[in-house]
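Protein chains: 2
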Amino acid sequence: MLASGRGDAYCGYRFREHGLRILLIEDDAVLGEAVRDYVAGLGHAVDWMQTLDDGRTAARTVDYDLVLLDLRLPDGRGLALLTELRRAGAVTPVIILTAHDQISDRIEGLNSGADDYLVKPFNLGELGARMLAVARRYAASSLPVLEAGRLSIRLADRRVLRDGEPVDLSGREWAVLARLANRPDAIVSKGEIEEALYAFGSEIESNTVEVYVSRLRKKLGKDCVETLRGIGYRLGR
Amino acid sequence: MLASGRGDAYCGYRFREHGLRILLIEDDAVLGEAVRDYVAGLGHAVDWMQTLDDGRTAARTVDYDLVLLDLRLPDGRGLALLTELRRAGAVTPVIILTAHDQISDRIEGLNSGADDYLVKPFNLGELGARMLAVARRYAASSLPVLEAGRLSIRLADRRVLRDGEPVDLSGREWAVLARLANRPDAIVSKGEIEEALYAFGSEIESNTVEVYVSRLRKKLGKDCVETLRGIGYRLGR
DNA sequence: GACAAGCTGACAGTCGGCTGAACGGCGCCG
DNA sequence: CGGCGCCGTTCAGCCGACTGTCAGCTTGTC
């Protein structure tokens, strides 16, 4: 699968850094939810399955761009699914999630065709970084750069330039911007941004989104984000 | 991923004298351990695999800088792996380890694309020397000099200049810097740096990476390394 | 004008990261 | 052999960035 990168077979393969279809197979409710929300916040579409069976079905049905696979599942070993997929010729990149005491699993996982692994408990930011790395490995080159007014937003390497000058953004700030930049021209509701920022359960009862929009504007300029009163926000132009 | 298709910013081959990622494929426990410890002591990160299968997986997945390959393995001949790699277009230097009675293997090995060989039992110092020699041979093929702010990082000869002045770095310090310099613009998570430092299994639970980043900053200037809170580090601009 | 929706400055708590200091191992040198 | 210095690692305490919240203000709509 990793084989010769530019081979004809892969010519059509495109790895975008956002808007990916991602399959998450993880039985732990808390971790699963956290990962799902985080990854969704990066602008990807996440299907979260909690059993091996569901995961298998999903993987067979949908053409995912990336699979996040827990190795310890209630109804079987995740490794089995991985080998199965590879045997069936799937080239989809797979990142394995393991507990920290399962070194042998990790080796076996790489053996079975995984592209990378993460050791639990892991930092969500690190997950993002690994995903990017795997993405890079697959992407021929050319990072998507979004030009919006005086800004250029480089989703791939998490950078924003204003008039060519790099601007420092905090994690949340970037998350909000990325959520907007993910679909330029689209209107994103406050609720959607909130969902991208926080895990499902964590009820937030304040104007956090507004605050972050405000902070973004201070750093990036008034016009960087457009307000559509009563509807949501949109990336400025 | 020894294989060819290297999509991103790696231009050309790189060989440093410290902080290399080295793959050791050797089934003998005693010898393996000795070599691993010795090489790790030189400041490299060693992944030690005891079977051909694991070795193959590792070699395909990770970008090693050097492979130490025993030719007699429980589950097959090391030579097969070597030819396989070469056929896949891998340029990673390979040093072969053979018993003293396997002259034909040695010849065949060099024929198959090995860069050097060592006859068991060998002196660890000699191993070091061979590694250096191979390193030099590759370094000669001119590596890019990375310019990052006031720094120029010469991966080829393990040197860093700050405003043109050479700076002395210790082994680990260099390893961290090199890991970052390997992929300029990419965000490297703390875990990845740790991996580059300590190889697979050795779980380290302290802030070593932070310490080295701190020391690097002291020597190279505040801005040489950028912190992305909760995510990782990146080479300064 | 009245009301709703959105904006923003301020603030305190928290968490991650930074760094000085100390310790032990190792090699080098006298 | 003993002393010395460098290096790697650990630890603890400090520090600052980031965050969520709120109050009071502005803007927009009817």
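The listed protein sequences correspond, in order, to chains A and B. Note that the numbering used here numbers the first sequence so that position 142 is 1094, with each residue one more than the last. Note that the numbering used here numbers the second sequence so that position 160 is 1112, with each residue one more than the last. Each residue gets a CB set at the ideal place from its N, CA and C atoms; glycine is no exception.
What does a CB cutoff of less than 7 Å around B/V1177 pick up in its chain, not counting 5 residues either side in sequence?
-> Excluding residues within five positions, the ones whose Cβ falls inside 7 Å are L1132, V1165, L1168, R1169, Y1185, L1187, G1188.
Apply the 10 Å Cβ neighbour rule to B/S1093 and answer buried if 16 or more other Cβ atoms are within range, or exposed otherwise.
-> Here B/S1093 scores only 46 on pLDDT, less than 50, and its place in the model should not be relied on; the value that follows carries that caveat. Residue burial annotation: B/S1093 is exposed, with fewer than 16 other C-beta atoms found within 10 angstroms of its C-beta.
The stretch 1098-1114 of chain A: positions lying closer than 7 Å to chain B by Cβ = Residues passing the 7 Å Cβ filter: D1109, R1110.
Please confirm if the stretch 1059-1072 of chain A is in contact with the stretch 1008-1015 of chain B, defined as three or more CB-CB distances below 8 Å between the two stretches.
-> The stretch 1059-1072 of chain A vs the stretch 1008-1015 of chain B: in contact.
What residue range is occupied by the uninterrupted alpha helix (DSSP H) comprising A/D989?
-> First-last of the alpha helix (DSSP H) with A/D989: 981-993.
Beta-ladder partner(s) of A/W1000, from DSSP | In DSSP, A/W1000 forms a bridge with A/L976.
A/G1080 at chain B interface by Cβ criterion, 9 Å = At least one CB of chain B lies nearer than 9 Å to the CB of A/G1080.
Residue range of the alpha helix (DSSP H) that A/T1035 falls in?
-> 1030-1039 is the span of the alpha helix (DSSP H), which, as asked, contains A/T1035.
Those runs of the alpha helix (DSSP H) which lie wholly inside the stretch 1135-1176 of chain B and span at least 4 residues = The qualifying runs are 1142-1150, 1160-1172.
Under a Cβ-count criterion, where at least 16 other Cβ atoms within 10 Å of its own Cβ denotes burial, should A/D1120 be classed as buried or exposed?
-> Exposed: under 16 other Cβ atoms inside 10 Å.
Through-space distance from B/A1148 to B/R968, alpha-carbon basis = Note that B/R968 has pLDDT 44, beneath the 50 cutoff, so the model's placement of it is unreliable and the number below is only indicative. In this structure, the alpha-carbon of B/R968 lies about 13 Å from that of B/A1148.
Kindly indicate the opening and closing residues of the beta strand (DSSP E) around B/G1191.
-> Here chain B comprises residues numbered 953 to 1189, so residue 1191 of chain B is not present and cannot be evaluated.
A/L1020 and A/L1076 closer than 9 Å at C-beta | Going by beta carbons, A/L1020 and A/L1076 fall outside the 9 Å limit.
Among A/E1144, A/E1099, A/G1007, which residue has its Cα nearest to the Cα of A/P1136?
-> Per the Cα distances, A/E1099.
Reference A/G1182; option with closest CA among A/R1111, A/G1143, A/G1028 | With distances taken between Cα atoms, A/G1182 lies closest to A/G1143.
Residue range of the beta strand (DSSP E) that B/Y1069 falls in?
-> Where B/Y1069 is concerned, the enclosing beta strand (DSSP E) starts and stops at 1068-1072.
Apart from the five residues on each side of it in sequence, which residues of its chain come closer than 8 Å, Cβ to Cβ, to B/A997?
-> In its chain, beyond the 5 residues on either side, G971, L972, R973, I974, A1127, E1147, A1148, L1149, Y1150, A1151 have a beta carbon closer than 8 Å to the beta carbon of B/A997.
When the cut-off is 9 Å and only beta carbons count, does B/E1036 lie next to chain A?
-> No, B/E1036 lies away from the interface with chain A (no Cβ there is under 9 Å from its Cβ).
Could you please tell me which residues of the stretch 1135-1148 of chain B, in chain order, have their CB closer than 9 Å to any CB of chain A?
-> Those would be R1135, D1137, A1138, I1139, V1140, S1141, K1142, G1143, E1144, in chain order.
Considering only the beta carbon of each residue, do A/W1000 and A/E978 sit closer than 9 Å?
-> The answer is yes: Cβ separation under 9 Å.
Could one say the Cβ of A/G1030 lies closer than 9 Å to chain B's Cβ atoms, at least one of them?
-> No, its Cβ sits nowhere closer than 9 Å to a Cβ of chain B.
Would you tell me roughly how many angstroms separate the C-alpha atoms of A/N1134 and A/L1103, rounded to the nearest one?
-> Rounded to whole angstroms, A/N1134 and A/L1103 show a C-alpha spacing of 14 Å.
Beta-carbon proximity of A/R1110 to B/I1139, cut-off 9 Å | Yes, these two residues count as a Cβ contact at 9 Å.
When the Cα of B/G1123 is compared with those of B/L1033, B/V1112, B/D1027, which residue comes out closest?
-> Considering only alpha carbons, the answer is B/V1112.
Could you tell me which residues DSSP pairs with A/L1113 in its beta bridges?
-> Paired residue(s): A/S1104, A/P1118.
Report the partner residues of A/A1051 according to the DSSP bridge assignment.
-> The partner list for A/A1051 (beta bridge, DSSP) reads A/K1072.
Name the DSSP bridge partner or partners of B/E1099?
-> Answer is B/S1104.
Please work out which residues of its chain come closer than 8 Å, Cβ to Cβ, to A/L1180, disregarding the five sequence neighbours upstream and downstream, and give them in chain order.
-> So the list reads I1139, R1186, once near-sequence residues are dropped.
Helix, strand or coil at A/T1179 according to DSSP, with G and I counted as helix = In this structure, DSSP gives A/T1179 an extended state, which the three-state scheme calls strand.
Classify A/V1043 as helix, strand or coil using the three-state DSSP reduction.
-> It is coil, neither helix nor strand.
What is the DSSP secondary structure of A/V1014, counted as helix, strand or coil?
-> Here A/V1014 sits in coil by DSSP.
Please report how far the alpha carbon of A/V987 lies from the alpha carbon of A/E1117, in whole angstroms.
-> Each residue's Cα considered, the two are about 32 Å apart.
Determine the chain B residues that contact A/P1073 at a beta-carbon separation under 8 Å, and present them in chain order.
-> Listed along the chain, the chain B residues whose CB falls inside 8 Å of the CB of A/P1073 amount to none; the nearest CB is some 12 Å away.
Label B/G1007 either buried or exposed according to how many other C-beta atoms from any shown protein chain fall within 10 Å of its C-beta, with 16 as the threshold for buried.
-> Taking all protein chains shown into account, B/G1007 has 16 or more neighbouring C-beta atoms within 10 Å of its C-beta and is therefore buried.
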